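Participant:
Protein chains in written order, with this note's numbering: chain Z, 40 to 371; chain U, 165 to 471.
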């Protein structure tokens with residue numbers, strides 16, 4: 040197969056990915072045969088509760104999993120398999136082509152260095168710039184992530200910035216080397232609601248300007264709705280439903296997705312229309328139920344759900360809208 | 165900044181006054197110096213004359229008032245054994261003590277920082293565990309035992325190093341090692357513990373995601389961050405260091421204020437003891453002041469609050 044021809048529209052593509060952590064009490068499988076890919080200029084959102092394996096699957100790509108993680112399957116970056124590649128070239132590839140933003144921008148920045156110096160360090164290390172050159176580059180980068188008065192801010196320490204500004208600094212660092220892929224791991228969770236929107240808009244704007252692929256992890260449906268082109272819903276280490284944002288949010292097929300969406304408050308809902316909750320709690324990795332992992336909490340569960348893992352299959356309406364359920368509601 | 169210095173100056177006066185007062189009463193319940201000065205041959209009358217000449221026959225309050233005046237004028241009177249003003253004797257011995265302390269401290273840090281980092285990075289390997297157990301061992305042996313052991317091996321048996329005094333350039337080696345051992349061991353463990361803690365910080369993950377190599381992350385970022393908590397502990401430990409120095413000086417007959425003070429205790433030489441403790445107290449407070457000022461320099465979060 041001709042790679043250049045085949046993969047030109049995919050930045051990263053993971054196939055049949057399994058991630059197992061070796062722990063003191065035995066192996067724990069965090070990710071089961073997961074597939075996804077993302078194209079340049081596209082935002083792919085992975086949505087799920089905490090512990091669903093959202094972060095694990097993206098950090099298998101970013102290389103930030105602990106050394107106890109055993110990753111199998113395939114991760115192709117711009118058409119080249121990176122799983123099993125040598126550490127040094129991987130480190131270079133990830134530094135140049137993958138940018139990462141984390142949930143808490145305060146702890147993700149070094150408290151002992153000025154933010155300008157932290158950005159400049161990237162240019163000094165990877166572009167061989169002089170200190171002054173790198174500093175100027177850092178200031179203009181701060182300007183491009185819409186930090187007002189960037190010269191002054193560059194001279195400040197992380198604790199002197201607001202949460203939103205810190206996250207902008209993190210974004211500036213992540214895009215400094217013009218990566219092809221931006222991984223945003225709960226980028227707005229630690230921020231005030233008013234700042235969240237601005238940060239999401241910034242990510243979208245940078246994505247469009249630079250034709251980056253964005254993979255964003257969140258547990259917040261509102262965030263997903265605001266920014267996603269495509270969405271994957273994860274539960275207990277598996278993708279249970281995926282499709283365009285429109286498909287997944289407007290006509291959810293998997294009972295878990297449906298329950299998740301109906302647990303969202305709606306403006307204009309009458310008082311009689313109480314919020315529904317999903318009974319029970321998400322399973323821990325050590326005690327994932329057999330069959331469909333959601334069956335103990337599912338209102339539509341049948342006998343088969345307890346024993347057989349349902350396969351991901353397309354809906355009648357769209358080949359790209361895929362979900363895994365033995366007993367979907369009518370119309371699926 | 166001026167306010168900080170001003171409050172520190174007040175603190176210095178209070179600490180020195182407190183310690184000196186405590187010392188004044190402690191030595192006076194410990195026994196009669198006239199007996200020590202007079203020697204075993206003296207008659208009761210001789211002792212009484214000595215007591216009178218030293219002002220020891222006056223009431224304790226009169227003596228304390230006289231002591232406060234001595235403290236204020238930094239003149240603690242003549243040493244009972246050297247029969248010279250005590251303060252100049254102490255000041256003369258001070259450089260020798262500072263030299264020993266500085267060399268021992270520098271030695272401790274030069275070993276503890278690399279050893280601690282190594283033990284942290286290799287914490288799952290035998291080499292890392294070995295350093296950790298060595299540091300536990302080093303912390304549990306009293307410094308004077310290490311001193312005596314070294315004298316036996318390197319002076320008596322191998323005859324490589326002088327066992328006492330400070331006349332030769334090599335004289336510093338054994339006292340410095342003996343004095344630094346506890347600090348070295350303790351700080352190896354502390355550097356290791358702080359380093360391991362910092363390795364899990366978000367900024368380390370960020371550094372990895374930016375493709376920085378381990379050396380840069382460890383020596384530029386983590387080391388800079390652990391210098392903050394390390395510095396405050398160094399401030400505390402330097403105070404204890406003085407206590408260790410007194411004993412080590414006695415073991416190696418190192419002519420510093422520690423040796424003078426040990427002799428002064430044996431002879432109940434109050435003026436010498438008072439001058440010595442005064443000097444040590446001032447040194448400890450000054451070192452802590454320097455550490456506090458450095459702290460604001462090392463931790464940008466504190467700097468912002470002061471400015």
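For each residue, glycine too, the CB sits at the ideal point set by N, CA and C.
The structure presented is a predicted model; accordingly, all values stated were derived computationally and were not measured.
Give the range of the alpha helix (DSSP H) segment to which residue 406 of chain U is assigned.
Facilitator: 387 to 415 is the extent of the alpha helix (DSSP H) around residue 406 of chain U.
Participant: Which of the three DSSP states is assigned to residue 66 of chain Z in this structure?
Facilitator: Residue 66 of chain Z: strand per DSSP, three-state reduction.
Participant: Please list, in chain order, all residues of the same chain as residue 297 of chain U whose beta carbon is under 7 angstroms from its beta carbon, the five residues on each side excluded.
Facilitator: The answer is none, since no qualifying residue turns up.
Participant: Taking 8 angstroms as the threshold (C-beta atoms), are residue 238 of chain Z and residue 226 of chain Z in contact?
Facilitator: Cβ atoms of residue 226 of chain Z and residue 238 of chain Z: closer than 8 angstroms.
Participant: Please confirm if residue 373 of chain U has its CB atom under 8 angstroms from at least one CB of chain Z.
Facilitator: Yes, because at least one Cβ of chain Z sits closer than 8 angstroms to the Cβ of residue 373 of chain U.
Participant: With 16 as the cutoff for other CB atoms within 10 Å, does residue 422 of chain U come out buried or exposed?
Facilitator: Answer is buried; the Cβ neighbour count reaches 16.
Participant: Along the chain, where does the beta strand (DSSP E) containing residue 115 of chain Z start, and where does it finish?
Facilitator: First-last of the beta strand (DSSP E) with residue 115 of chain Z: 108 to 116.
Participant: For a quick check, are the C-beta atoms of residue 347 of chain U and residue 405 of chain U less than 8 angstroms apart?
Facilitator: Taking 8 angstroms as the Cβ cut-off, residue 347 of chain U and residue 405 of chain U qualify as a contacting pair.
Participant: Contact criterion: CB-CB distance below 8 angstroms. Does residue 452 of chain U meet it with respect to chain Z?
Facilitator: False, the Cβ-Cβ gap to chain Z never drops below 8 angstroms.
Participant: Sorted by chain position, which residues of the same chain lie with C-beta nearer than 6 angstroms to residue 481 of chain U's C-beta, five sequence neighbours on each side aside?
Facilitator: Any answer about residue 481 of chain U is impossible in this case: the structure gives chain U only from 165 up to 471.
Participant: What does residue 461 of chain U touch in chain Z if you count any residue whose Cβ is under 7 angstroms from its own?
Facilitator: Near residue 461 of chain U there are no residues of chain Z at all, since even the closest Cβ is about 11 angstroms away, more than 7 angstroms.
Participant: Under the rule that 16 or more other beta-carbon atoms within 10 Å means buried, what is residue 359 of chain Z, buried or exposed?
Facilitator: It is exposed - the Cβ of residue 359 of chain Z has fewer than 16 other Cβ atoms within 10 Å.
Participant: Three or more beta-carbon pairs under 8 angstroms between the segment 368 to 375 of chain U and the segment 405 to 421 of chain U, yes or no?
Facilitator: They do not touch, by the three-pair rule.
Participant: By the criterion of Cβ-Cβ separation under 8 angstroms, what are the contact partners of residue 212 of chain Z in chain U?
Facilitator: Chain U residues near residue 212 of chain Z: 370, 374.
Participant: Please confirm if residue 239 of chain U has its CB atom under 8 angstroms from at least one CB of chain Z.
Facilitator: No, residue 239 of chain U lies away from the interface with chain Z (no Cβ there is under 8 angstroms from its Cβ).
Participant: Distance cutoff 8 angstroms, beta carbons only. Does residue 57 of chain Z sit that close to anything in chain U?
Facilitator: Cβ-Cβ to chain U under 8 angstroms: no for residue 57 of chain Z.
Participant: Quick check: what's the CA-CA separation for residue 302 of chain Z versus residue 296 of chain Z?
Facilitator: Answer to the nearest angstrom: the Cα atoms are 10 angstroms apart.
Participant: Take the Cβ of residue 155 of chain Z as the centre, count every other Cβ of all protein chains shown within 10 Å, and call the residue buried at 16 or more, exposed below.
Facilitator: So residue 155 of chain Z ends up on the buried side.
Participant: Just to confirm before moving on: does the CB-CB distance between residue 257 of chain Z and residue 84 of chain Z stay below 8 angstroms?
Facilitator: Cβ distance < 8 angstroms, so residue 257 of chain Z and residue 84 of chain Z count as in contact.
Participant: Identify whether residue 371 of chain U lies in helix, strand or coil by the three-state DSSP scheme.
Facilitator: Residue 371 of chain U: helix per DSSP, three-state reduction.
Participant: When the distance is taken between beta carbons, is residue 386 of chain U closer than 8 angstroms to residue 362 of chain U?
Facilitator: Yes, they are a contact pair.
Participant: Less than 8 angstroms between the CB atoms is what I'm expecting for residue 187 of chain U and residue 437 of chain U, so what's the real figure, rounded?
Facilitator: Right, the Cβ-Cβ distance comes to about 7 angstroms (below 8 angstroms), so this counts as a contact.
Participant: What number of angstroms, rounded off, separates the C-alpha of residue 351 of chain Z from the C-alpha of residue 223 of chain Z?
Facilitator: The straight-line gap from Cα to Cα measures roughly 26 angstroms.
Participant: Note down the Cα distance separating residue 158 of chain Z from residue 140 of chain Z, rounded to an integer number of angstroms.
Facilitator: Near 14 angstroms, if we compare the C-alpha coordinates of residue 140 of chain Z and residue 158 of chain Z.
Participant: Apart from the five residues on each side of it in sequence, which residues of its chain come closer than 7 angstroms, Cβ to Cβ, to residue 324 of chain U?
Facilitator: Cβ within range, chain order: 318.
Participant: Does the CB of residue 146 of chain Z have a neighbour CB from chain U at under 8 angstroms?
Facilitator: Closer than 8 angstroms: yes.
Participant: Considering only residues of the same chain and omitting the five flanking positions on each side of residue 48 of chain Z, which have a CB-CB separation below 8 angstroms?
Facilitator: So the list reads 78, 79, once near-sequence residues are dropped.
Participant: Which of the three DSSP states is assigned to residue 185 of chain U in this structure?
Facilitator: DSSP places residue 185 of chain U in helix when its eight states are reduced to three.
Participant: Hey, quick one: how far does the alpha helix (DSSP H) through residue 209 of chain U stretch, first residue to last?
Facilitator: Run containing residue 209 of chain U: 208 to 217, per the alpha helix (DSSP H) assignment.
Participant: May I ask you to list, following chain order, the residues of the segment 379 to 400 of chain U that have a beta carbon less than 9 angstroms from some beta carbon of chain Z?
Facilitator: So the list reads 380, 384, 385, 388, 389, 391, 392, given in the order they occur along the chain.
Participant: Under a three-way DSSP split, which group does residue 43 of chain Z fall into?
Facilitator: Residue placement at residue 43 of chain Z is flagged as unreliable, the pLDDT there being 44, under the threshold of 50; a coordinate-derived value is accordingly withheld.
Participant: What residues in its chain sit with their C-beta under 7 angstroms from that of residue 426 of chain U, if we drop five residues either side in the sequence?
Facilitator: Result list for residue 426 of chain U: 410, 414, in chain order.
Participant: Assuming residue 69 of chain Z contacts residue 92 of chain Z (C-beta within less than 8 angstroms), just tell me the rounded distance between them.
Facilitator: Contact holds; Cβ gap of about 5 angstroms.
Participant: The beta strand (DSSP E) that contains residue 83 of chain Z, what's its start and end?
Facilitator: Element bounds for residue 83 of chain Z: 82 to 86.
Participant: Please confirm if residue 63 of chain Z has its CB atom under 8 angstroms from at least one CB of chain U.
Facilitator: Residue 63 of chain Z does not count as touching chain U.
Participant: Determine the burial state of residue 321 of chain U: buried for a count of at least 16 other Cβ atoms within 10 Å of its Cβ, exposed for fewer.
Facilitator: So residue 321 of chain U ends up on the exposed side.
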